[in-house]
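The listed protein sequences correspond, in order, to chains A and B.
Here the first sequence stands for residues 1 to 316, where the numbers follow the working numbering.
Here the second sequence stands for residues 1 to 316, where the numbers follow the working numbering.
Note that beta-carbon positions come from the ideal geometry of N, C-alpha and C, so glycine has one too.
The block underneath contains the structure these notes are about, expressed in structure tokens.
Number of protein chains: 2
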Amino acid sequence: MSLPASFDLSAWSRAKQSQVEQALAQWLAVPALTRAEAKPPVALIESMRYAVLDGGKRLRPLLVLAAAEAVASAPLEPGPGGAGEAALRAACAVELIHAYSLVHDDMPCMDNDVLRRGKPTVHVQFGQASALLAGDALQALAFELLTPGFDCIAPQRQAQLCGLLARAAGCAGMAGGQAIDLASVGLPLDEQQLREMHRLKTGALLLASVMMGAACAEPTPAAQQALSQFGATIGLAFQVVDDILDVTADSVTLGKTSGKDAQGNKPTYVSLLGLAPAQAYARELLAQAAAALAASGLPDTRALSGLAERVVSRSS
Amino acid sequence: MSLPASFDLSAWSRAKQSQVEQALAQWLAVPALTRAEAKPPVALIESMRYAVLDGGKRLRPLLVLAAAEAVASAPLEPGPGGAGEAALRAACAVELIHAYSLVHDDMPCMDNDVLRRGKPTVHVQFGQASALLAGDALQALAFELLTPGFDCIAPQRQAQLCGLLARAAGCAGMAGGQAIDLASVGLPLDEQQLREMHRLKTGALLLASVMMGAACAEPTPAAQQALSQFGATIGLAFQVVDDILDVTADSVTLGKTSGKDAQGNKPTYVSLLGLAPAQAYARELLAQAAAALAASGLPDTRALSGLAERVVSRSS
């Protein structure tokens, strides 16, 4: 297959982000959430929408869609029954899990953060009880999105996607990583323990984004293995850069309170390696991610590779 | 089919409860939760086990198993690939959702309860942050249980079970009901609004228990409709009896703080109808549930009918 001469990551991202925004807004609307037998309370939906819409870089959804396109070797058209519909639902489901984790993570009993994406956090805006319930309902909604009628997504794919997402979100994934994080404040972690914590806390969901995207098409075993390597590597890179930004960026640019980790005496890659070595490590991981893509045998991985670069060079 | 002459609900329940206890303990053990690429933190697993094991009447799992047996018209043998394995996983998945909802519901920002099943609540025992994460991880684990290998449960059944559970747990189900409950403290609800709240808060998961059990076998449309009616009715009956017990039982019998609703000025069936009419309503609902079973065309619904009676006559 010959590739189109140029690839514009910004244009690609904008188009996909707008598709994701629109889909999220639609699936988080009252009519979409209302069933014949039960009408969800509008106040709950409002807090869920606040937590999810109009914010965020949508990195995880973009990874899902880029991985799906890379494996399908074609742009994905939305519409019931195809890989495009599955990928769009998977993209939004991953984002709902990410959004719920931020809502719960910001609560007073966890990080007690008042600012997120430049807005008051959900519990500041709606109260703690509502934040708790909004997060709980968002996690469930992620699995609702993945289980539409069988004419929309084939049952085998629904089951695969639910399995990947549940494991990435649960105790051997995101929630487990947060528990390690919680237990490690003020403790001296070595680099291996720090990497293990982040592999679960942030890495699992980023890896799942790539693998769920791949599962929407039909990856060869070689492609699947290479993408798994790619996903794990950018998951790690993401966290290294997060730690760097906590030191180098201000709260306005970050859209959340900066310097929190240092203040909280949390172990980070910067506190462990120093700033310049952490920055070098991030660049090394980017090279590893590129090598994984090169080994995938997939004809066009430019969106994935562009997203990896964006992970490392981002300023917020 | 001729039925065995006698049915001993107590013996049936004890056998099934022990099967469920054993399965939950096994699936909540460190080895079962550890993956090649990630090891969950032991402290998190400990709080999850505390929330789930050695407690509760396991009503929802029993409903799943009773419905599955009623539809299969045979005792279910466990073992990969069969309806028995699917039903046992579905039974445990529903219980995990129920357990997580109790953990979050007991937290200070919600009901602020310190006693549950006669033990200190999870946040009292482990701290609020751990309770929050344990609940989050239990919800994810429910979907992990429903998505094992395809040789264990057929993909179509996995997808169906995930879809039923997600919708029962989410904003048009349990979480939505809790949000209505939260918003209605001190407000004058009429009977219809009260019923709507409970249909979501408690009813959705009880109904899902019955429907998930049915989905593990191959129900006829008539049986499915009748079981749906049965599930909705006992869901309602359960809440009416809960409101009665809040007034008539003491904390020791209840295993949780009694009189909370009255103190919190929450609307209940007792505050709305009075005690004796609420008791009569519960008996009427039991008769409706029996009628639904009679209309199901299923040859043996004695376990389901016994569980419905137990819902209404329970003392805790």
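What residues from chain B crowd round HIS104/A, counting only those whose CB sits closer than 7 Å? By 1-based counting over the first sequence, the position of residue 104/A is 104. Here the neighbours are LEU132 and ASP136.
- request: Taking GLN192/A as the query, report the chain B residues whose CB atoms sit under 7 Å from its CB, ordered along the chain.
  value: Looking up residue 192/A in the first sequence gives position 192. Residues of chain B passing the Cβ test: none, with the nearest at roughly 12 Å.
Note to self: Looking at chain B, is there any beta carbon in it that lies within less than 9 Å of the beta carbon of ARG116/A?
What the structure shows: One-based indexing of the first sequence puts residue 116/A at position 116. Chain B, which has no Cβ nearer than 9 Å to the Cβ of ARG116/A, makes this no.
| Of the residues ALA295/B, LEU133/B and ASP242/B, the one placed nearest VAL270/B, counting alpha carbons only | The residue you call residue 270/B lines up with position 270 of the second sequence. Ranking ALA295/B, LEU133/B and ASP242/B by Cα distance to VAL270/B puts ASP242/B first.
* Asked: Between the C-alpha atoms of MET110/B and ALA166/B, what's the straight-line distance to the nearest angstrom?
  -> Locating residue 110/B in the second sequence gives position 110, where the first residue counts as 1. Locating residue 166/B in the second sequence gives position 166, where the first residue counts as 1. In a straight line, the C-alpha of MET110/B is about 22 Å away from that of ALA166/B.
* Among THR220/A, LEU207/A, ALA222/A and ASP151/A, which has the Cα closest to the Cα of GLY235/A? -> Numbered from its first residue, the first sequence carries residue 235/A at position 235. Nearest C-alpha to GLY235/A: LEU207/A.
- Chain-ordered neighbours of MET110/A on chain B, where CB pairs are closer than 7 Å: Stepping through the first sequence from its first residue, residue 110/A is reached at position 110. Below the 7 Å Cβ cutoff, chain B contributes ALA129 and LEU132 as neighbours of MET110/A, in chain order.
Distance between ALA292/A and MET1/A (C-alpha atoms, nearest Å): Your numbering for residue 1/A matches position 1 in the first sequence. Your numbering for residue 292/A matches position 292 in the first sequence. Residue placement at MET1/A cannot be trusted, given a pLDDT of 49 that sits under 50; what the coordinates show is reported in the next sentence. Going from the Cα of MET1/A to the Cα of ALA292/A covers about 20 Å.
Worksheet entry | Cβ shell of PHE238/A (< 7 Å), same chain only, five flanking positions each side left out | What you label residue 238/A is simply residue 238 of the first sequence in a count that begins at 1. THR202, LEU206 and VAL311.
Continuous alpha helix (DSSP H) stretch holding PRO155/A: start and end:
Along the first sequence, one-based indexing puts residue 155/A at 155. Where PRO155/A is concerned, the enclosing alpha helix (DSSP H) stretches over 155 to 169.
Query - Where PHE7/A falls, given that 16 or more other Cβ within 10 Å makes a residue buried - result: Position 7 of the first sequence, counted from the first residue, corresponds to residue 7/A. Exposed, because fewer than 16 other Cβ atoms sit within 10 Å of the Cβ of PHE7/A.
Between the alpha carbons of ALA15/A and PHE143/B, how many angstroms are there, rounded?
Taking the first residue of the first sequence as 1, we reach residue 15/A at position 15. Taking the first residue of the second sequence as 1, we reach residue 143/B at position 143. Cα to Cα, ALA15/A sits roughly 32 Å from PHE143/B.
Just to make sure I have the definition right: I need the residues of chain B whose C-beta is within less than 8 Å of the C-beta of CYS162/A. Which are they?
Here the question's residue 162/A lines up with position 162 in the first sequence. Going along chain B in sequence order, the residues near CYS162/A (Cβ under 8 Å) are PHE143, LEU146, THR147, GLN158, ALA159 and CYS162.
| query | Which class does PRO61/B belong to by DSSP, given the choice of helix, strand or coil? | reply | Position 61 of the second sequence holds residue 61/B. Helix.
- prompt: At a Cβ threshold of 9 Å, is CYS216/B touching chain A?
  reply: As a first step, residue 216/B must be located in the second sequence, where it is residue number 216. Taking Cβ atoms only, chain A never reaches closer than 9 Å to CYS216/B, which makes this a no.
field: Alpha-carbon to alpha-carbon, GLN288/B and ALA276/B
entry: Residue 276/B sits at position 276 when you count from the first residue of the second sequence. Residue 288/B sits at position 288 when you count from the first residue of the second sequence. For ALA276/B and GLN288/B, the distance between alpha carbons rounds to 19 Å.
**Message:** Classify VAL64/B: buried if its beta carbon has 16 or more other beta carbons within 10 angstroms, exposed otherwise.
**Reply:** Counting from 1 along the second sequence, the entry for residue 64/B is found at position 64. The residue is buried, with at least 16 neighbouring Cβ atoms inside 10 Å.
Can you find a C-beta in chain B that's less than 9 Å from the C-beta of ARG302/A? In the first sequence, counting from the first residue as 1, residue 302/A sits at position 302. So no, ARG302/A is outside the interface.
Report task. Tell me, to the nearest whole angstrom, how far the beta carbon of LEU182/A is from that of PRO267/A; I am working on the premise that it is less than 8 Å. Result -> Indexing the first sequence from 1 puts residue 182/A at position 182. Indexing the first sequence from 1 puts residue 267/A at position 267. Taking 8 Å as the upper bound for CB-CB distance, LEU182/A and PRO267/A are not in contact here, some 13 Å apart.
>> Please determine whether the Cβ atom of VAL241/A lies at a distance below 8 Å from any heavy atom of the ligand ADP.
In response: With respect to the ligand ADP, the structure shown offers nothing to examine, as it has no ligands at all.
message = For PRO120/B, list the residues DSSP reports as bridge partners.
response = Within the second sequence, numbered from 1, the residue matching residue 120/B stands at position 120. Per DSSP, LEU115/B.
**Q.** DSSP-derived helix/strand/coil call for CYS92/B
**A.** As a working mapping, residue 92/B is identified with position 92 in the second sequence. Looking at CYS92/B - three-state DSSP - the assignment turns out to be helix.
Checklist entry - Would a check of beta-carbon distances place ARG60/A closer than 9 Å to chain B? => result Numbered from 1 along the first sequence, position 60 holds the residue referred to as residue 60/A. The C-beta of ARG60/A comes no closer than 9 Å to any C-beta of chain B.
Partner residues on chain B for LEU182/A, Cβ-Cβ distance less than 8 Å: For this step, residue 182/A is matched to residue 182 along the first sequence. Correct list: ALA129, SER130 and LEU133.
- Task: Report the neighbours of MET107/A on chain B: residues whose CB is nearer than 9 Å to its CB, in chain order.
- Result: By one-based count along the first sequence, residue 107/A stands at place 107. Per Cβ cutoff of 9 Å: CYS109, GLN128, ALA129 and LEU132.
Practice problem: Report all residues from its chain with a CB closer than 6 Å to the CB of TYR281/B; omit the five preceding and five following residues, and keep chain order. | Solution: The sequence position of residue 281/B within the second sequence is 281, counting from 1. In the same chain as TYR281/B, and ignoring 5 residues on each side of it, the C-beta atoms closer than 6 Å to its own belong to VAL240, in chain order.
Subject >> Amino acids of chain A, ordered along the chain, whose beta-carbon sits closer than 7 Å to that of ILE48/B >> reply: As a first step, residue 48/B is located in the second sequence; it is residue number 48 there, counting from the start. Going by the sequence as given, residue 48/B is Met instead of Ile. In chain order: CYS171.
Legend entry - Residues near SER47/B by beta carbon distance below 8 Å, same chain, minus five either side: For the purposes of this step, residue 47/B is identified with residue 47 of the second sequence, where counting begins at 1. Taken in chain order, the residues that qualify are VAL122, GLN125, PHE126, SER130, ALA131, LEU133 and ALA134.
Checklist entry - Does the pairing of the stretch 55 to 75 of chain B with the stretch 207 to 218 of chain B give three or more beta-carbon distances under 8 Å? => result yes
Within chain B, partners of THR34/A - CB distance below 8 Å
Position 34 of the first sequence holds residue 34/A. Near THR34/A (Cβ distances below 8 Å), the residues of chain B are ALA172.
Nearest-angstrom Cα distance between ALA168/B and ASP246/B? Reading the second sequence from its first residue, position 168 is the one you call residue 168/B. Reading the second sequence from its first residue, position 246 is the one you call residue 246/B. For ALA168/B and ASP246/B, the distance between alpha carbons rounds to 25 Å.
Check whether chain A comes within 9 Å of LEU206/B, counting only Cβ atoms and requiring the distance to be less than that. Counting from 1 along the second sequence, the entry for residue 206/B is found at position 206. Not closer than 9 Å to any Cβ of chain A, the Cβ of LEU206/B fails to qualify, so no.
key: Interface flag, LYS39/A vs chain B, CB-CB below 9 Å   = Working through the first sequence from its first residue, we reach residue 39/A at position 39. Chain B, which has a Cβ nearer than 9 Å to the Cβ of LYS39/A, makes this yes.
From this set, LYS39/B, ALA303/B, VAL114/B and LEU141/B, which residue's C-alpha is nearest LEU28/B's C-alpha? Start at 1 with the first residue of the second sequence, and residue 28/B comes out as number 28. Of the candidates LYS39/B, ALA303/B, VAL114/B and LEU141/B, the one whose C-alpha sits nearest the C-alpha of LEU28/B is LEU141/B.
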